[in-house]
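Numbering (UniProt numbering), first residue to last: 1 to 304.
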Amino acid sequence: MSKTVAVTGGTGFIGKYIVDDLLSRGFTVRALTRTARHDSRDNLVWIRGSLEEYGALAKLVAGADFVVHCAGQVRGRKEAIFTQCNVEGSLRLMQAAKESGHCRRFLFISSLAARHPELSWYANSKFVAEQELTAMASDIELGIFRPTAVYGTGDTELKPLFSMMLRGFLPRFGTSETQLSFLHVSDLAMAVSQWLIADRTTVYPYELCDGHAGGYSWQRIQEIAAAVRNGPVRIIGIPLPLLKFIADMSTLISQFVGKEPMLTRSKICELTHPDWSANNKCLFENMNWFPRVSLEYALRHRLF
Ligand SMILES: NC(=O)c1ccc[n+]([C@@H]2O[C@H](COP(=O)([O-])OP(=O)(O)OC[C@H]3O[C@@H](n4cnc5c(N)ncnc54)[C@H](OP(=O)(O)O)[C@@H]3O)[C@@H](O)[C@H]2O)c1
Numbered sequence: 001m002s003k004t005v006a007v008t009g010g011t012g013f014i015g016k017y018i019v020d021d022l023l024s025r026g027f028t029v030r031a032l033t034r035t036a037r038h039d040s041r042d043n044l045v046w047i048r049g050s051l052e053e054y055g056a057l058a059k060l061v062a063g064a065d066f067v068v069h070c071a072g073q074v075r076g077r078k079e080a081i082f083t084q085c086n087v088e089g090s091l092r093l094m095q096a097a098k099e100s101g102h103c104r105r106f107l108f109i110s111s112l113a114a115r116h117p118e119l120s121w122y123a124n125s126k127f128v129a130e131q132e133l134t135a136m137a138s139d140i141e142l143g144i145f146r147p148t149a150v151y152g153t154g155d156t157e158l159k160p161l162f163s164m165m166l167r168g169f170l171p172r173f174g175t176s177e178t179q180l181s182f183l184h185v186s187d188l189a190m191a192v193s194q195w196l197i198a199d200r201t202t203v204y205p206y207e208l209c210d211g212h213a214g215g216y217s218w219q220r221i222q223e224i225a226a227a228v229r230n231g232p233v234r235i236i237g238i239p240l241p242l243l244k245f246i247a248d249m250s251t252l253i254s255q256f257v258g259k260e261p262m263l264t265r266s267k268i269c270e271l272t273h274p275d276w277s278a279n280n281k282c283l284f285e286n287m288n289w290f291p292r293v294s295l296e297y298a299l300r301h302r303l304f
């Protein structure tokens with residue numbers, strides 16, 4: 001009989017790919033949604049509710065063998081916004097999974113940012129959630145994924161950067177020595193499905209990236225973009241005071257438009273951190289997972 005997976009965040013950029021990958025592998029999916037949904041598909045059931053509603057979470061996980069917790073707050077103008085969703089919401093979901101008496105594995109989509117909780121409210125909320133979920137899981141096998149910056153069709157965060165690069169301009173945050181890493185969303189979705197059915201798992205946080213050894217320097221990104229567009233690419237350093245000004249403006253504006261800002265002073269520390277290289281070793285050794293889409297391939301084939 002097909003296994004059932006309860007998924008949160010299935011309406012978001014990454015979650016949509018996770019749901020698609022699970023359905024393509026024959027899983028039955030129960031997905032949480034905060035709005036009325038329309039895309040009905042075989043083996044997909046939408047459950048209305050949010051991470052704040054215990055009753056909806058209990059309904060979501062009822063009868064589910066696995067939970068993939070991908071919902072998360074990625075933008076916010078104050079720390080409490082991240083804590084309420086990423087920490088308290090995650091613990092509420094784990095509680096529901098435990099009380100269901102049926103769930104065997106729970107996968108938390110954290111972030112590479114959790115490696116440095118001191119950098120931002122977001123990073124800290126993911127780190128604290130990892131710690132508290134680990135303490136709470138007991139009989140449930142917990143997995144923690146720490147993907148680096150994820151891109152793919154449907155993403156709105158990295159797309160402007162990639163589009164600009166292919167027009168010949170590369171805006172650079174932080175210093176020229178910075179090491180970055182990337183991951184195509186299809187590789188992440190595949191890793192999620194593989195983890196659910198793996199023979200053995202470990203709670204140790206798995207880093208995920210596209211496997212480019214040591215990460216990408218800005219110069220390497222420039223070279224790749226130049227090769228793909230077959231023309232020059234100019235790096236434009238964005239000075240820190242300008243970033244801070246943009247962050248302050250978007251924080252201010254967010255209060256009037258009722259939409260949380262992506263760029264805040266807290267986020268700048270994360271963006272300009274010098275080492276966001278990642279290592280797939282643990283996931284490869286445990287599950288034989290390896291990424292298929294490199295940054296160069298994605299840029300050449302416009303997979304973003
Ligand atoms: N994108 C990246 O580069 C990246 C990298 C590392 C880790 N991650 C993690 O991956 C996850 C998904 O990120 P994403 O880029 O796909 O973000 P996204 O497009 O903003 O999607 C976020 C998802 O979470 C849901 N959500 C947020 N708050 C919720 C709440 N209180 N109750 C129920 N659902 C809630 C959203 O629902 P609505 O549709 O109703 O808003 C949406 O489905 C997040 O946990 C993020 O931290 C992302």
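Using N, Cα and C, we set each Cβ at its ideal position, and we do this for glycine too.
Which residues in the same chain as Ala6 place their Cβ atom closer than 6 Å to its Cβ, once the five residues preceding and following it in sequence are excluded? Arg30, Leu60, Val61, Ala64, Val67
For Arg41, I'd like the list of residues in its chain whose CB is within less than 8 Å of its CB, leaving aside the five on either flank, ordered along the chain. Leu23
Extract the residue ranges of the beta strand (DSSP E) inside the region 144-170, only unbroken runs of 3 or more that lie entirely within it. 149-151
Contact under 7 Å by Cβ, Gly237 with Gln179: no
Any chance the CB of Ile109 is under 6 Å from a heavy atom of ligand 3? In the structure shown, ligand 3 is absent; the only ligands present are ligand 1.
Tell me which same chain residues have a C-beta within less than 7 Å of the C-beta of Pro261, skipping the five on either side of it? Arg75, Arg77, Ser250, Thr251, Ser254
Pick from Asn43, Ser100, Tyr17: whose alpha carbon is nearest that of Met190? Tyr17
Within its chain, find whatever has a CB closer than 7 Å to the CB of Gln84; leave out the 5 residues flanking it on each side and keep chain order. Excluding sequence neighbours, Gln84 sits near nothing in its chain.
Taking the beta strand (DSSP E) that Glu207 belongs to, which residues open and close that run? 206-208
Whole-angstrom distance between Ala56 and Cys103, CA atom to CA atom: 16 Å
Is Arg300 near ligand 1, in the sense that its beta carbon is under 6 Å from a heavy atom of that ligand? no
Give me, in chain order, the residues of the same chain whose beta-carbon lies closer than 7 Å to that of Tyr54; leave out the 5 immediate sequence neighbours on both sides. Arg92, Ala96
If you reduce the DSSP assignment to three classes, tell me which class Gly15 lands in. For Gly15, the secondary structure class from DSSP, reduced to helix, strand or coil, is helix.
Got a sec? Which residues, its chain only, sit under 8 Å from Leu133 by beta carbon, not counting five neighbours each side? Ser90, Leu91, Met94, Phe106, Phe108, Leu142, Ile144
In the structure shown, what three-state DSSP assignment does Gln255 receive? helix
Taking the beta strand (DSSP E) that Gly89 falls in, what are its first and last residues? Secondary structure note for Gly89: it is in no beta strand (DSSP E), with a DSSP letter that is neither H nor E.
Just tell me which of Arg229, Pro239, Arg234, Val150 has its CA closest to the CA of Ser294. Of the listed residues, the one whose Cα sits closest to Ser294 is Val150.
Kindly indicate which residue of Phe169, Pro205, Arg265, Leu263 has the alpha-carbon position closest to the one of Ile221. Phe169
Does at least one heavy atom of ligand 1 sit under 6 Å from the Cβ of Cys209? no
Check whether the Cβ of Phe13 lies closer than 6 Å to any heavy atom of ligand 1, and answer yes or no. yes
Less than 6 Å separating the Cβ of Gly9 from some heavy atom of ligand 1? yes
Just verifying my parser: in three-state terms, what is the DSSP assignment at Gln179? strand
Nearest to Asp275 by alpha carbon, out of Thr148, Cys70, Asp155? Thr148
Does the beta-carbon of Gly154 have 16 or more other beta-carbons within 10 angstroms, so that it is buried, or is it exposed? exposed
Sorted by chain position, which residues of the same chain lie with C-beta nearer than 6 Å to Gly12's C-beta, five sequence neighbours on each side aside? Within the same chain, Gly12 has no close Cβ partners at all.
How should Tyr122 be labelled, buried or exposed, when 16 other C-beta atoms within 10 angstroms of its C-beta is the threshold for buried? Buried, by the Cβ-count rule.
Residue of Lys267, Trp289, Glu296 minimising C-alpha distance to His116: Lys267
So is the beta-carbon of Arg48 under 6 Å away from any non-hydrogen atom of ligand 1? no
Selection from Ala36, Ala58, Lys159 that minimises the alpha carbon distance to Leu299: Checking every option, the nearest Cα to that of Leu299 belongs to Lys159.
Does Thr272 come out as helix, strand or coil in the three-state DSSP assignment? Here Thr272 sits in coil by DSSP.
Would you report the Cα separation of Ile14 and Ser186, rounded to the nearest angstrom? 9 Å
What does DSSP give as the partner residues of His69 in its beta bridges? Thr8, Phe108
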